[in-house]
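Novice: So for the sequence shown, UniProt numbering puts the first residue at 1; every next one is plus one. Cβ coordinates follow ideal geometry from the N, Cα and C atoms, glycine included.
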Amino acid sequence: MKPNIMTDQELITTAFGPQAANMCLRDVATAMGYQTHREAVHDRVSDQINDNRGQYHTNEKWQAIPEIISRILQLQAQEMPVFEKPETAKELFISYFAGEKRENFACAWLDTRHRLIRVETLFIGTINSCEPKFREILASGLRVNAAAVIASHNHPSGLADPSSADISLTKKLKSLLAEIDIRLLDHIVVGDNTAQSIAEMGGI
């Protein structure tokens, strides 16, 4: 079974063995000290799996790692405040992209009250570029029944300054999302422990 369609319990049991059947994601996150970014979560999940080697040490465990990471980060993000100002989104995505060596494009999908539905990485590029596909972004928003979204991508160079291409993409994405009644609130560009809001710059 693919990890992304497993229940939390199935995923945890696959990763840590039947002795973890009664654990929930919060238990796993607490055991790891509630790490707040992808690289740290990956390291701690890997450590947890290594600690449980034996008859249950299989490839399925390692395939479960990315999904566990995603769900723990999503759990943490859901406990953040309502997204009413750029600083909240900046904080989320600085943590979300920490340690990434390639450019990624992600979306934080929100409900009508701007509460988080989920955060997901939609595209992974190279060390200096990523090419989002509008069709897939729109399909993802419809799939989660989002009312609003904050897009974000990281610059592995460490500089958070939006390029002219970033601003152009933002305007095009805003227009397309509006056609399906999803409001683009912002596009956050993340650098090395810093971030810029294209909305604050007047680019939306």
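With DSSP as the reference, please indicate the residues paired to Leu184 in a beta bridge.
Specialist: In the DSSP output, where bridge partners are listed per residue, Leu184 has Val149.
Novice: Which ranges does the beta strand (DSSP E) cover as unbroken runs of at least 3 residues, wholly within the UniProt domain "MPN" (82-204), from first to last along the chain?
Specialist: Within the UniProt domain "MPN" (82-204), the complete beta strand (DSSP E) runs of at least 3 residues are 104-110, 116-124, 148-154, 183-190, 195-197.
Novice: Pairs of beta-carbons, one from the stretch 136-145 and one from the stretch 156-167, closer than 8 Å: are there three or more?
Specialist: Short answer: they don't touch.
Novice: Can you give me the C-alpha to C-alpha distance between Asn128 and Gly203, rounded to a whole angstrom?
Specialist: Computed Cα separation, rounded: 22 Å.
Novice: Could you have a look at Ala21 and say whether DSSP puts it in helix, strand or coil?
Specialist: Of the three classes helix, strand and coil, the one that applies to Ala21 here is coil, per DSSP.
Novice: Rounded to the nearest angstrom, how far is the Cβ of Glu87 from that of His153, given a contact under 8 Å?
Specialist: 18 Å between Cβ atoms; not a contact.
Novice: State the DSSP-derived secondary structure class of Lys2, mapped to helix, strand or coil.
Specialist: Coil at Lys2, not helix or strand.
Novice: Does DSSP put Thr13 in a helix, in a strand, or in coil?
Specialist: Helix, per DSSP.
Novice: By the three-class DSSP mapping on this structure, what secondary structure does Thr7 have?
Specialist: It is coil, neither helix nor strand.
Novice: Taking the beta carbon of Asp186 as the centre, do at least 16 other beta carbons fall within 10 Å, making it buried, or is it exposed?
Specialist: The residue is buried, with at least 16 neighbouring Cβ atoms inside 10 Å.
Novice: Buried or exposed: which applies to Lys174, given that a residue is buried once 16 or more other Cβ atoms fall within 10 Å of its Cβ?
Specialist: So Lys174 ends up on the buried side.
Novice: Which residues in the same chain have their Cβ closer than 7 Å to the Cβ of Asn193, if we skip the five residues on either side of it in sequence?
Specialist: Ile94.
Novice: Contact defined as beta carbons within less than 8 Å: I believe Val144 pairs with Arg118. What is the distance between those atoms, to the nearest angstrom?
Specialist: Between Arg118 and Val144 the Cβ distance is about 6 Å, and since that is below 8 Å, they are a contact.
Novice: Quick one: using the 10 Å Cβ neighbour count with 16 as the cut-off for buried, is Ala64 buried or exposed?
Specialist: It is buried - the Cβ of Ala64 has at least 16 other Cβ atoms within 10 Å.
Novice: Nearest to Met201 by alpha carbon, out of Asp181, Ile167, Ile182?
Specialist: For Met201, the nearest C-alpha among the options comes from Ile167.
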